[in-house]
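Trainee: In our numbering, the protein residues as written are 4 to 711.
Glycine included, every Cβ here is placed at the ideal spot set by N, Cα and C.
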Ligand code: GDP
Ligand code: MG
């Protein structure tokens, strides 16, 4: 019960300390400083993927971190502050893990965080509707001997299906308070933090240190190893020796390496050898007596502990409505070998169809508004550069892109719906086999689908892919997933060059070409460039859930907001620049567009795209679009003019836009994620070359057969 405070911390809170003040620190000041310090807790949120950690994090702190119903949304730890009952809490939202072994970066990350940051209290978030599986992680936290509180989350689901468990018994058996919560509604959050405070202050009756009994074969082994570890001062202070002993017995490479390294550092190679001998001896005996290796034996024992505890606490799953059963039924259809695929493509089709047809109405309204604004400015302002800039630059440029906002919101709405309902995880599952054919992973699928929204968060989402090789391949093919920024261009060009009944087919074909290219390129990369085998992994299927309207709206809006920000920023600036380059020429105001700076530039680069049959306006738009793909559309809006372009060239143009240079933001994200410019540059160069070749071939070969 001793709190240490520094001189600075003891200074009165509001006064700026100067050297003279420092001399007079009264006992009262010391006391209040100590109390202040004591009333701040570091709390870590640990739990399986999808159990609601981020929901709690957001609810308690008012933050807006992304929640989603599939594993791997949280890859880094984020920290936020919360206040309850006069205490302040630093909450750390850790990545979701099923276990604390060291098979994945997430597991190691969580383990390291707990060992190094030593949070005051851990909140173990447990999905109460899947108790047995979730408590597995809890048993490992018990081994680590951290102070914790268990949040039995999804308690609404638990009650809805009529499950039952005696919470007091379960709390006692696990030696920690268990608080029923629902982070969807905020139920139990206050009680949870009350329990956290009590555990911290050591006034919670249910909190005690328990040992999971692994049975005498394993316990003997643990004891022997522990005896050895206890002699080591450094190790004893840093870790629970029981935990280390269990990990050593499990043959955990990371812990074995850590202990070995420590002994080597202290020049005790003999001790190290002896420890390994003790460990191997214990493991051999476990194998002899239980007929399974010690890792499996320990896992079995943990499940034995959980099942025993659950039985004693009278755990029963209800029959009223079992979401796992419902889930199972739905899955029989949606993840079915034969109909899963068609359903998936049907859903995608509905998604795009709705996006375009429903989006048409608000789009027309916004378009009318933009047009009216242009006419009004045209009628009220005097002729001159300013009027031209407003009408041709800003309204022409930003206006031609902003009309797509409704469609982008609808698209994001669907993506959010798929994520939050749990369907996205099924889609990944359905796609797994196919992804393997591409040399990828089912896990790569989620970033790829996210790529339809925006490539930048998708590049970041590749972090959940364990294998570095799969990760890089995924990043390399991601830009072929047609992001929403390309939508305005597609809609503009298809609207101009294709009859209404062909427009959605043309659009769909672009998405298909993108996916096809991704498949071809990842196949080539995995076969010839980045060869190697991937680790096997489990893909969890979370239960289906009705997503809350609030979550969907927030999620959709967050992305829509990014779009609007881009309008007001880079697209506005680009539109003005393009306008200025088109308005002025070497002799001041240019008499015609062709005499302007941009016209000259276009004519210079025109030969580059002769094979594709683009005109100079299209060429210039492509160059401008390197910053962000929307700028292609806004530039076309400013420049206008599609003379001499055939429908075939227009299609080649769409292909070029689909395939070429991912925007600057994506390149930077790839650089950031791979920690080198190498892959970022490769990505920029090869996609542009591919785009050039494909569009040239399509236009040249196509014109042999078609007369469009
Ligand atoms: P994390 O992976 O642990 O961070 O989990 P999230 O916070 O992202 O939540 C996963 C999903 O479960 C989201 O769709 C949440 O809206 C939903 N969810 C979270 N808490 C509850 C709850 O108490 N009840 C129900 N029914 N759903 C919840
Ligand atoms: Mg999360």
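By Cβ distance below 7 Å, which residues in the same chain neighbour residue 551 in space, the five residues on each side in sequence not counted?
Mentor: 187
Trainee: Can you give the Cα-Cα distance for residue 193 and residue 201, rounded to whole angstroms?
Mentor: 12 Å
Trainee: Do you know offhand how far residue 58's Cα is from residue 65's?
Mentor: Each residue's alpha carbon lies about 10 Å from the other.
Trainee: Is residue 171 closer than 9 Å to residue 713 when the C-beta atoms are compared?
Mentor: This structure gives no information on residue 713, because the portion of the chain shown stretches from 4 to 711.
Trainee: Mapping the DSSP letters down to three states, classify residue 20 as helix, strand or coil.
Mentor: Because the pLDDT of residue 20 is 47, which lies under 50, any placement of that residue in the model is unreliable, and the number read from its coordinates should be weighed accordingly. The answer is coil: DSSP assigns residue 20 none of H, G, I, E or B.
Trainee: Taking the beta carbon of residue 253 as the centre, do at least 16 other beta carbons fall within 10 Å, making it buried, or is it exposed?
Mentor: buried
Trainee: Let me check understanding here. Comparing Cα to Cα, which of 43, 41 and 13 lies closest to residue 31?
Mentor: 13
Trainee: Please determine whether the Cβ atom of residue 54 lies at a distance below 8 Å from any heavy atom of the ligand GDP.
Mentor: yes
Trainee: With 16 other CB atoms within 10 Å as the buried threshold, where does residue 181 fall?
Mentor: buried
Trainee: Under 8 Å: does the beta carbon of residue 137 sit that close to some heavy atom of the ligand GDP?
Mentor: no
Trainee: Confirm the yes/no value for this check: CB of residue 366, any heavy atom of the ligand GDP, distance under 8 Å.
Mentor: no
Trainee: Pairs of beta-carbons, one from the stretch 102–113 and one from the stretch 254–272, closer than 8 Å: are there three or more?
Mentor: yes
Trainee: Out of 622, 586 and 141, which has the shortest C-alpha to C-alpha gap to residue 312?
Mentor: Answer by Cα proximity: 141.
Trainee: Run through the DSSP bridge pairs and tell me what residue 87 is partnered with.
Mentor: 90
Trainee: By a C-beta neighbour count over all protein chains shown, 10 Å radius and 16 as the cutoff for buried, is residue 590 buried or exposed?
Mentor: Under a 10 Å Cβ-count criterion, residue 590 is classified as exposed, with fewer than 16 other Cβ atoms of the shown protein chains found around its own Cβ.
Trainee: Is the closest heavy atom of the ligand GDP to the C-beta of residue 233 under 8 Å?
Mentor: no
Trainee: Roughly how far, in whole angstroms, is the beta-carbon of residue 285 from the beta-carbon of residue 218, given that I think they are within contact range, below 8 Å?
Mentor: Between residue 218 and residue 285 the Cβ distance is about 13 Å, and since that is not below 8 Å, they are no contact.
Trainee: Buried or exposed: where does residue 384 fall if 16 or more other Cβ atoms within 10 Å of its Cβ makes it buried?
Mentor: exposed
Trainee: I'd like to confirm something about residue 548: is its beta-carbon nearer than 8 Å to some heavy atom of the ligand GDP, or not?
Mentor: The answer is yes for residue 548.
Trainee: Is residue 51 near the ligand GDP, with its Cβ less than 8 Å from a heavy atom?
Mentor: yes
Trainee: Go ahead and pull the three-state DSSP assignment for residue 617.
Mentor: When DSSP states are grouped into helix, strand and coil, residue 617 belongs to the coil group.
Trainee: What residues in its chain sit with their C-beta under 8 Å from that of residue 574, if we drop five residues either side in the sequence?
Mentor: Scanning its chain for C-beta atoms nearer than 8 Å, with the 5 sequence neighbours on each side dropped, one finds around residue 574 the residues 400, 401, 404, 631, 633, 634 and 637, in chain order.
Trainee: Taking buried to mean at least 16 other C-beta atoms within 10 Å of its own C-beta, is residue 527 buried or exposed?
Mentor: Exposed, since its Cβ has fewer than 16 Cβ neighbours within 10 Å.
Trainee: Between the stretch 483–502 and the stretch 638–654, do three or more beta carbon pairs fall short of 8 Å?
Mentor: These segments touch.
Trainee: Along the chain, which unbroken stretches of the alpha helix (DSSP H) at least 4 residues long are found entirely within the stretch 333–414?
Mentor: 343–383, 388–391 and 399–405
Trainee: Quick one: measure Cβ to Cβ for residue 98 and residue 82, integer angstroms, because I've assumed they're closer than 8 Å.
Mentor: The pair is not a contact, with the Cβ atoms about 13 Å apart (cut-off 8 Å).
Trainee: In whole angstroms, give me the CA-to-CA distance for residue 353 and residue 418.
Mentor: 12 Å
Trainee: Is it the case that the CB of residue 156 approaches a heavy atom of the ligand GDP more closely than 8 Å?
Mentor: yes
Trainee: Should residue 450 and residue 428 be called a contact, given that it needs their Cβ atoms to be closer than 9 Å?
Mentor: no
Trainee: Considering residue 43, what are the terminal residues of the beta strand (DSSP E) in which it resides?
Mentor: 43–50
Trainee: What's the gap between the Cα of residue 386 and the Cα of residue 369?
Mentor: 25 Å
Trainee: Count the other CB atoms, across all protein chains shown, that sit within 10 Å of the CB of residue 481; report buried if there are 16 or more and exposed otherwise.
Mentor: So residue 481 counts as buried.
Trainee: Just checking, does the stretch 471–479 make contact with the stretch 618–629 on the three C-beta pairs under 8 Å criterion?
Mentor: no
Trainee: Rounded to a whole number of angstroms, what is the C-alpha to C-alpha distance between residue 306 and residue 139?
Mentor: 7 Å
Trainee: Which residues bound the beta strand (DSSP E) around residue 283?
Mentor: That residue, residue 283, is in no beta strand (DSSP E); its alpha helix (DSSP H) goes 272–293.
Trainee: Report the three-state DSSP secondary structure of residue 444 (helix, strand or coil).
Mentor: coil
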